[in-house]
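These protein sequence lines are chains A and B, in that order.
For reference, each letter of the first sequence is one residue, going 1 to 392 in this note's numbering.
For reference, each letter of the second sequence is one residue, going 393 to 784 in this note's numbering.
Every residue gets a Cβ at the ideal spot worked out from N, C-alpha and C, and that includes glycine.
One structure is given here, and the rest of the page talks about it.
2 protein chains.
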Amino acid sequence: MNLPLGYLYSATYAGIRQVEKDDLALIVSGLPATAAAVFTRNRVQAAPVTLSRRHLKLSGGLAGAILANAGNANCATRTGSRVALAACKAAAKLLRIPVAQVLPASTGVIGVELEAAKIVDALPRLAAGLRPDRFDDVARAIMTTDLVPKTAFAGVKLRRGKIHIAGMTKGSGMIHPQMATTLGFVMTDAQIPAAALRAMLKRGVERSYNRLSVDGDTSTNDTLALLANGASGVRPDSKELAAVEEEIAGVMAALAQAIARDGEGATKFVTIDVAGAPTTGAATRMARAIANSPLVKTAIAGADPNWGRILSAAGNAGVAFDPWKTDVRMQGVLVCRGGLAAPFSEPELKARLAAPECEIRVTVRGKGKGSARFWTCDLTEGYIRINASYRT
Amino acid sequence: MNLPLGYLYSATYAGIRQVEKDDLALIVSGLPATAAAVFTRNRVQAAPVTLSRRHLKLSGGLAGAILANAGNANCATRTGSRVALAACKAAAKLLRIPVAQVLPASTGVIGVELEAAKIVDALPRLAAGLRPDRFDDVARAIMTTDLVPKTAFAGVKLRRGKIHIAGMTKGSGMIHPQMATTLGFVMTDAQIPAAALRAMLKRGVERSYNRLSVDGDTSTNDTLALLANGASGVRPDSKELAAVEEEIAGVMAALAQAIARDGEGATKFVTIDVAGAPTTGAATRMARAIANSPLVKTAIAGADPNWGRILSAAGNAGVAFDPWKTDVRMQGVLVCRGGLAAPFSEPELKARLAAPECEIRVTVRGKGKGSARFWTCDLTEGYIRINASYRT
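Written as structure tokens, this is what we have:
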């Protein structure tokens with residue numbers, strides 16, 4: 001792993017979650033970084049979401065630190081805004097940066113008061129623990145029901161030198177795209193102006209986090225932040241910027257896929273491809289309808305080549321397409337041709353569907369040029385077990 | 393149970409489903425009945441849906457028989473239209489009515505050819521078995537993963553005599569409102585012109601089947617038909633028509649609720665009420681978002697008063713409302729007041745949430761007049777078990 005230059009990481013247990021496991025994390029950039037972020041579109045927004053949005057505006061798109069906690073969403077609480085601001089102020093003071101350059105982020109249970117003192121008291125030791133190589137500690141500290149930390153890395157050799165990208169994310173339930181989903185932090189040491197960074201993030205999200213669904217629920221705290229501190233000393237020229245954007249989008253896509261792979265109770269990672277739809281938007285809606293269908297997801301869990309459910313789910317997307325020109329493939333095997341059963345060996349396909357990676361491909365034959373890829377996971381009894389008892 | 397006059401019912405095993413259990417059913421009206429029906433809005437529509445729609449048009453809104461089968465959806469099959477038509481023709485010939493007065497309906501697996509011969513061969517004994525009191529046999533024959541048959545009855549005393557209403561429905565998965573959902577047949581012996589009947593059905597569906605969700609999936613075969621044969625000899629006058637409509641809507645609401653009660657794997661029936669939304673449509677969207685949230689539904693399964701998930705689900709409905717003016721009640725207990733945790737006894741509420749009926753009430757305080765009621769069920773491991781293995 002090739003970490004971007006100029007970032008420091010730290011994590012500690014601040015007593016926010018009940019089990020003694022790091023729950024407070026700090027990412028610091030030595031130089032103020034240009035920063036962009038996208039947030040949940042849920043009407044109910046957590047205090048740190050509101051405050052991060054305000055800070056980005058006040059700072060003109062600069063960030064020196066991300067302060068994140070797990071175990072409490074700091075949402076729908078009486079003291080939410082005050083707590084988020086107090087935490088940012090304390091961090092800013094310790095780090096000697098303007099408070100508007102601290103981006104707060106929280107994840108965890110909704111509606112339980114978060115005590116500012118827990119964060120403020122933990123901050124000195126959190127700051128004292130800052131190291132350039134504690135990236136993974138932060139990725140672990142932001143986990144909730146996640147089984148594994150989720151990180152992705154990339155590097156690009158440009159004319160004037162190499163730049164690095166590192167991303168981390170968390171989440172395995174309450175996952176549905178409406179903007180960003182869950183917490184995600186992507187850092188690069190390239191030098192990228194704030195406006196260009198915002199545009200990159202927006203386009204990248206469309207190809208990554210917005211193509212991901214675990215259970216169709218969008219949380220109140222979703223935040224995806226992209227920081228570029230220029231510590232590599234390399235400012236990509238206008239041509240190179242496209243290559244950098246591609247790598248950043250790649251890191252974001254890898255993070256989004258990691259979430260689906262770790263979907264609550266998931267045993268299988270599912271890639272859904274739709275082609276031949278009237279438009280890209282239509283293809284995305286069809287792919288999303290398939291990804292969100294509990295009947296498709298339970299069939300995948302049962303290794304059942306039940307293509308009727310796939311066709312029916314696509315039919316529920318509100319897209320005008322001709323089912324009689326539609327082919328469905330599972331694991332590359334043609335199971336439905338022109339809306340009708342295609343001959344295939346069921347035991348053989350069932351065996352293939354037992355693999356940990358499943359591919360569903362829906363193709364509408366004709367003139368349509370719209371295509372889209374979507375990621376999800378299967379729906380198992382494990383999802384129910386986790387969510388029938390998460391809070392209590 | 394007070395069955396409407398002038399209807400005959402029959403059911404038999406035609407070998408369509410693998411287990412030997414009635415799978416073919418016939419409802420016949422001695423007099424041609426005025427008829428109205430609503431169908432799935434899925435882009436993929438089963439052959440009997442297409443044919444029923446055509447028959448209603450050709451007959452000018454008259455029906456003499458409903459021919460329904462379970463075990464095969466007759467959808468996405470090569471011979472679908474031919475099979476549906478051949479079955480209707482054979483029934484029409486036996487019953488000596490025009491073929492356009494036969495409404496076909498199918499439910500079951502998608503994409504498997506349905507053999508016309510099975511239906512045609514079974515029809516003579518099906519017709520021979522027609523009796524006025526075999527209503528329940530038909531309700532049983534159309535079941536798929538249903539655990540119980542679903543019926544509802546009503547009667548209204550009008551100035552000129554009594555009229556009767558009887559409805560049956562099937563369904564416990566792939567349940568989501570976009571129009572009608574699943575199969576439902578409602579018969580009355582009142583005399584109601586076709587146009588009035590259509591208007592009644594449309595308004596009734598809005599208050600019943602369109603307020604129901606089990607898993608957010610809409611099938612390819614959903615059909616809800618309403619027949620009025622006038623056999624009571626009573627033609628409601630324009631004032632009485634409203635009372636009849638109220639009773640018909642009541643029967644449809646009871647049927648819709650029965651589906652949620654029998655939701656696949658469900659252990660609890662959930663009623664969701666939203667009040668104070670900007671409009672009725674907004675209230676319905678909020679209620680539907682709560683009803684469709686797997687996180688809310690798993691929390692109910694776990695008897696967990698996790699109101700944060702309810703507030704968050706409402707926030708995902710795409711409705712502009714103020715979370716800080718929003719109250720949430722579970723089983724009548726105020727759990728969230730103005731977007732914040734309200735004090736309540738958790739053990740006590742957990743005990744109350746163990747009941748088989750749960751009520752969620754979301755109230756936005758302010759000037760909004762929009763309210764809506766929605767029905768759903770909890771999401772349990774049973775749903776997964778049923779659907780990971782339904783087809784194979």
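Using a C-beta cut-off of 8 Å, the region 197-208 of chain A makes no contact with the region 688-700 of chain B, since fewer than three inter-stretch Cβ pairs fall below that distance. Of the candidates Ala674(B), Thr442(B), Arg744(B), Cys769(B), the residue whose Cα lies closest to the Cα of Thr755(B) is Ala674(B). Chain order gives the chain A residues near Glu773(B) as Glu381, Ile384, Arg385, where near means a beta carbon separation below 8 Å. Annotation for Ile110(A): no alpha helix (DSSP H) segment contains it, and DSSP assigns it neither H nor E.
Under the three-state reduction of DSSP output, Asp327(A) falls in the strand class.
With respect to Ala681(B), Ala705(B) sits close: the two C-beta atoms are nearer than 8 Å.
For Ile511(B), the enclosing alpha helix (DSSP H) begins and ends at 508-520. Distance from the CA atom of Phe431(B) to the CA atom of Cys358(A), rounded to whole angstroms, is 33 Å.
Per DSSP, the unbroken alpha helix (DSSP H) holding Val49(A) starts and ends at 47-58. Per the coordinates, the alpha-carbon of Ala429(B) lies some 11 Å from the alpha-carbon of Lys449(B). No Cβ of chain A is located within less than 8 Å of the beta carbon of Ala658(B). Spatial neighbours of Asn74(A) in its own chain (CB-CB distance under 7 Å, excluding positions within 5 residues in sequence) are listed in chain order as Ala46, Ala47, Pro48, Gly80, Val83, Ala84, Ser106, Leu114. Bounds of any alpha helix (DSSP H) do not take in Asn708(B), whose DSSP letter is neither H nor E. Rounded to the nearest angstrom, the gap between the Cα atoms of Ala116(A) and Pro124(A) is 14 Å. Contact of Val501(B) with chain A is assigned, a C-beta pair being separated by under 8 Å. Pro278(A) sits away from Lys350(A), with the two beta carbons spaced by 8 Å or more. Listed as beta-bridge partners of Lys549(B) by DSSP are Lys554(B). In this structure, the CA atom of Val251(A) is about 16 Å from the CA atom of Lys162(A).
Identification of chain A residues near Cys728(B) by a Cβ-Cβ cut-off of 9 Å yields Ala76, Gly111, ordered along the chain. For Phe661(B), the enclosing beta strand (DSSP E) begins and ends at 661-669. Chain A places a beta carbon closer than 8 Å to that of Leu703(B), counting this residue as a contact. Chain B has no Cβ within less than 8 Å of the Cβ of Ser52(A). Considering only beta carbons, the part of the region 611-625 of chain B lying closer than 8 Å to chain A consists of Ser611, Thr612, in chain order.
A buried status is given to Asn602(B), since no fewer than 16 other beta-carbon atoms sit within 10 Å of its beta-carbon.
Listed in chain order, the alpha helix (DSSP H) elements of length 4 or more contained wholly in the region 626-702 of chain B are 630-653, 672-684, 686-693. Interface criterion not met: the Cβ of Thr404(B) is under 8 Å from no Cβ in chain A.
Under the three-state reduction of DSSP output, Lys369(A) falls in the coil class, being neither helix nor strand. Within chain B, Arg435 have C-beta atoms less than 8 Å from the C-beta of Phe321(A), given in sequence order. Boundaries of the alpha helix (DSSP H) around Glu773(B): 773-779. Per DSSP, the continuous beta strand (DSSP E) segment holding Ala68(A) begins and ends at 62-72.
Straight-line measurement puts the Cα of Ala341(A) at about 56 Å from the Cα of Gly15(A).
Along the region 676-694 of chain B, going in chain order, the ones with a CB nearer than 9 Å to a CB of chain A are Asn684, Ser685, Pro686, Leu687, Val688, Lys689, Thr690, Ala691, Ile692, Ala693, Gly694. Residue-level contact check: Leu103(A) does not touch chain B, since none of the beta carbons of chain B fall below 8 Å from its beta carbon. Relative to Gly308(A), the option among Ser293(A), Gly318(A), Val319(A) whose CA is nearest is Ser293(A). Taking 8 Å as the CB threshold, Asp538(B) stays off the interface with chain A. In summary, Glu656(B) is buried, with 16 or more beta-carbon neighbours lying within 10 Å of its beta-carbon over all protein chains present.
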